[in-house]
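A.B. asks: One structure coming up, written as structure tokens, with questions to follow.
Residue numbers (our numbering), protein chains in the order written: chain A, 1003 to 1100; chain B, 22 to 286.
Following this line, the structure appears as structure tokens:
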């Protein structure tokens, strides 16, 4: 059964894609999937389309409807709840390479 | 002048049924007829009632190759024909080619003409008992003609409306449906911004548009993005209340609604 999954993904973007000029960062990604593996495969495939690279993931889990994920992610979850095709991308918290 | 023989009854003049004496009733066009020429005056031109044709071609104030012509109605191309050769249904109001707009008026005129003709016949009948036979023939003819006209009009109107009116859909409240966009097709938001096939707004570069908040360190970026949805645990509250927890926002702060979520027992 498909459910909504969420992860905190570390993503490498292309130079110039972000206003800060950073190419490394984390963002919350939500999608519908039947399993964690399918979810992560879909996330990777989606990022690849835009030449973004999935470097790592943290806190990957199916969405708990009783949990407060914060205003931004809660709003994304509301959107994706009504559209199984939707891909939710949260804020890209970028950092400079050390 | 020969004297009248009193043994012979006077031959009464039959009712005056000559068209010139029934100025409007006897004229199917409903227009004023010139008694001398027999032509009807329509305003724009004269109609020759004896030929059933106009005396002059149709014209319009605005210069046109074929005035008032409709390419889907070949009869309208003949500038001398009267009401498209269909006088039972159509009537010409002003001397220019009659169209469908004149249909209803034509129905009314046909009805009025028939009614007036019948009334005229009845009056003549009352005035002249000796003329009953000829009047009966006349009124019968008028009646039949009128009935025929009405039936013709009914048939034409029925056909006309059946052509004009499209059948209603089974659900008459259903709105016309355009092509349905596949759910996985790229689209455009109401504001005109392009989206990908997953509904993500795309920026000028054609890539998903996301907010960007730079952080100083990787850990900072990771933890900020990973915050939210957590809890503030109070398993052993100092105030002696039951063990409970609070929810937190995306930035990690406690939701200030003073709600204590108790642990399952």
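Every residue gets a Cβ at the ideal spot worked out from N, C-alpha and C, and that includes glycine. Quick caveat: nothing in here was measured; it's all calculated off a predicted structure.
Take the Cβ of residue 74(B) as the centre, count every other Cβ of all protein chains shown within 10 Å, and call the residue buried at 16 or more, exposed below.
C.D. replies: As a working mapping, residue 74(B) is identified with position 53 in the second chain. Residue 74(B) is exposed by the Cβ-count criterion.
A.B. asks: Is the CB-CB distance between residue 1027(A) and residue 1097(A) below 9 Å?
C.D. replies: The sequence position of residue 1027(A) within the first chain is 25, counting from 1. The sequence position of residue 1097(A) within the first chain is 95, counting from 1. Result yes, Cβ atoms of residue 1027(A) and residue 1097(A) sit closer than 9 Å.
A.B. asks: Is there a Cβ from chain A that is less than 9 Å from the Cβ of residue 188(B)?
C.D. replies: The residue you call residue 188(B) lines up with position 167 of the second chain. Low confidence applies here, because residue 188(B) scores a pLDDT of 49, under 50, leaving its location unreliable; read the following figure in that light. Not closer than 9 Å to any Cβ of chain A, the Cβ of residue 188(B) fails to qualify, so no.
A.B. asks: Grab me the residues of residue 1004(A)'s own chain with a C-beta within less than 6 Å of its C-beta, minus the 5 sequence neighbours each way, in chain order.
C.D. replies: One-based indexing of the first chain puts residue 1004(A) at position 2. Closer than 6 Å at the Cβ level, and outside the excluded window around residue 1004(A), lie 1034 and 1036.
A.B. asks: So the candidates are 1020(A), 1011(A) and 1030(A); which of them puts its Cα closest to the Cα of residue 1090(A)?
C.D. replies: Position 88 of the first chain, counted from the first residue, corresponds to residue 1090(A). Selected option, being the one with the closest Cα: 1030(A).
A.B. asks: Measuring only between beta-carbons, confirm whether residue 1040(A) sits less than 9 Å from chain B.
C.D. replies: Position 38 of the first chain, counting from 1, holds the residue named residue 1040(A). For residue 1040(A), the answer is no, since every Cβ of chain B falls outside 9 Å of its Cβ.
A.B. asks: Where does the unbroken beta strand (DSSP E) through residue 1056(A) begin, and where does it stop?
C.D. replies: Locating residue 1056(A) in the first chain gives position 54, counting from the first residue. Note, residue 1056(A): beta strand (DSSP E), 1055–1064.
A.B. asks: Nearest chain A C-beta to residue 241(B) closer than 9 Å, yes or no?
C.D. replies: For the purposes of this step, residue 241(B) is taken as residue 220 along the second chain, with counting starting at 1. By this cut-off, residue 241(B) is an interface position.
A.B. asks: Report buried or exposed for residue 1009(A), applying the criterion of at least 16 other Cβ atoms within 10 angstroms of its Cβ.
C.D. replies: For the purposes of this step, residue 1009(A) is identified with residue 7 of the first chain, where counting begins at 1. It is buried - the Cβ of residue 1009(A) has at least 16 other Cβ atoms within 10 Å.
A.B. asks: Does residue 209(B) get closer than 9 Å to chain A when you measure Cβ to Cβ?
C.D. replies: Taking the second chain and counting its residues from 1, the one referred to as residue 209(B) is at position 188. Closer than 9 Å: no.
A.B. asks: Are residue 235(B) and residue 1095(A) closer than 9 Å when you measure CB to CB?
C.D. replies: Locating residue 235(B) in the second chain gives position 214, where the first residue counts as 1. Locating residue 1095(A) in the first chain gives position 93, where the first residue counts as 1. Yes. Within cutoff.
A.B. asks: In the DSSP assignment, what residue or residues form a beta bridge with residue 1015(A)?
C.D. replies: Here the question's residue 1015(A) lines up with position 13 in the first chain. Assignment of beta-bridge partners to residue 1015(A) by DSSP yields no partner.
A.B. asks: Can you tell me whether residue 1058(A) is buried or exposed, with buried defined as 16 or more other CB within 10 angstroms of its CB?
C.D. replies: For this step, residue 1058(A) is matched to residue 56 along the first chain. Its Cβ having fewer than 16 others within 10 Å, residue 1058(A) is exposed.
A.B. asks: Which chain B residues are close to residue 1020(A), counting only those with a beta carbon under 9 Å from its beta carbon?
C.D. replies: Against the first chain, residue 1020(A) aligns to sequence position 18. Within chain B, the residues near residue 1020(A) are 231, 233 and 235.
A.B. asks: To the nearest angstrom, how far is the alpha carbon of residue 90(B) from that of residue 56(B)?
C.D. replies: By 1-based counting over the second chain, the position of residue 90(B) is 69. By 1-based counting over the second chain, the position of residue 56(B) is 35. Going by the C-alpha atoms only, they are around 31 Å apart.
A.B. asks: Would residue 283(B) count as contacting chain A if we go by Cβ distances under 9 Å?
C.D. replies: Stepping through the second chain from its first residue, residue 283(B) is reached at position 262. So, not an interface residue.
A.B. asks: Comparing C-alpha positions only, which one of 1007(A), 1021(A), 1080(A) and 1061(A) sits nearest to residue 226(B)?
C.D. replies: What you label residue 226(B) is simply residue 205 of the second chain in a count that begins at 1. Looking at the Cα atoms, 1021(A) is the closest of the given residues.
A.B. asks: Taking only beta-carbon positions, decide if residue 83(B) is within less than 9 Å of chain A.
C.D. replies: In the second chain, residue 83(B) corresponds to position 62, counting from 1. Judged by the 9 Å Cβ criterion, residue 83(B) is not in contact with chain A.
A.B. asks: Looking only at C-alpha atoms, which of 245(B), 240(B) and 265(B) sits nearest to residue 1100(A)?
C.D. replies: Residue mapping note: residue 1100(A) aligns to position 98 of the first chain, counting from 1. Closest option to residue 1100(A), Cα to Cα, is 240(B).
A.B. asks: Compare the beta carbon distance of residue 1087(A) and residue 212(B) with 9 Å and say whether it is the shorter of the two.
C.D. replies: Stepping through the first chain from its first residue, residue 1087(A) is reached at position 85. Stepping through the second chain from its first residue, residue 212(B) is reached at position 191. Not in contact: residue 1087(A) and residue 212(B) (Cβ atoms no closer than 9 Å).
A.B. asks: At the 9 Å Cβ level, is residue 218(B) part of the contact set with chain A, yes or no?
C.D. replies: Within the second chain, residue 218(B) is the residue found at index 197, counting from 1. Answer yes: the Cβ-Cβ gap between residue 218(B) and chain A drops below 9 Å somewhere.
A.B. asks: From which residue to which residue does the beta strand (DSSP E) around residue 1030(A) run?
C.D. replies: Counting from one through the first chain, the residue named residue 1030(A) turns up at place 28. Looking at the DSSP string, the run of the beta strand (DSSP E) that includes residue 1030(A) is 1026–1035.
A.B. asks: Can you check which of these residues, 102(B), 114(B), 108(B) and 100(B), is closest to residue 53(B) by C-alpha distance?
C.D. replies: Locating residue 53(B) in the second chain gives position 32, counting from the first residue. That would be 114(B), whose Cα lies nearest to the Cα of residue 53(B).
A.B. asks: Expressed to the nearest angstrom, what Euclidean distance is found between the alpha-carbon atoms of residue 19(B) and residue 93(B)?
C.D. replies: No statement about residue 19(B) is possible, as the shown extent of chain B runs from 22 to 286 and does not include it.
A.B. asks: In angstroms, rounded to a whole number, what distance separates the CA positions of residue 216(B) and residue 87(B)?
C.D. replies: In the second chain, counting from the first residue as 1, residue 216(B) sits at position 195. In the second chain, counting from the first residue as 1, residue 87(B) sits at position 66. Each residue's Cα considered, the two are about 53 Å apart.
A.B. asks: Counting only Cβ pairs nearer than 9 Å, list the residues of chain A close to residue 238(B).
C.D. replies: Within the second chain, the letter at position 217 stands for residue 238(B). Within 9 Å Cβ-Cβ: 1097, 1098 and 1100.
A.B. asks: According to DSSP, what are the bridge partners of residue 53(B)?
C.D. replies: As a working mapping, residue 53(B) is identified with position 32 in the second chain. DSSP, once it has assigned bridges, lists 62(B) as partnering residue 53(B).
A.B. asks: Skipping 5 residues on each side, what residues in its chain have a beta carbon closer than 8 Å to that of residue 81(B)?
C.D. replies: Here residue 81(B) refers to the residue found at position 60 of the second chain. Cβ within range, chain order: 88, 89 and 117.
A.B. asks: Closest Cβ-Cβ distance between residue 1005(A) and chain B: below 9 Å?
C.D. replies: Taking the first residue of the first chain as position 1, residue 1005(A) is located at position 3. No, because no Cβ of chain B sits closer than 9 Å to the Cβ of residue 1005(A).
A.B. asks: Mind checking residue 1063(A): buried by the 16 CB within 10 Å criterion, or exposed?
C.D. replies: Numbered from its first residue, the first chain carries residue 1063(A) at position 61. So residue 1063(A) counts as exposed.
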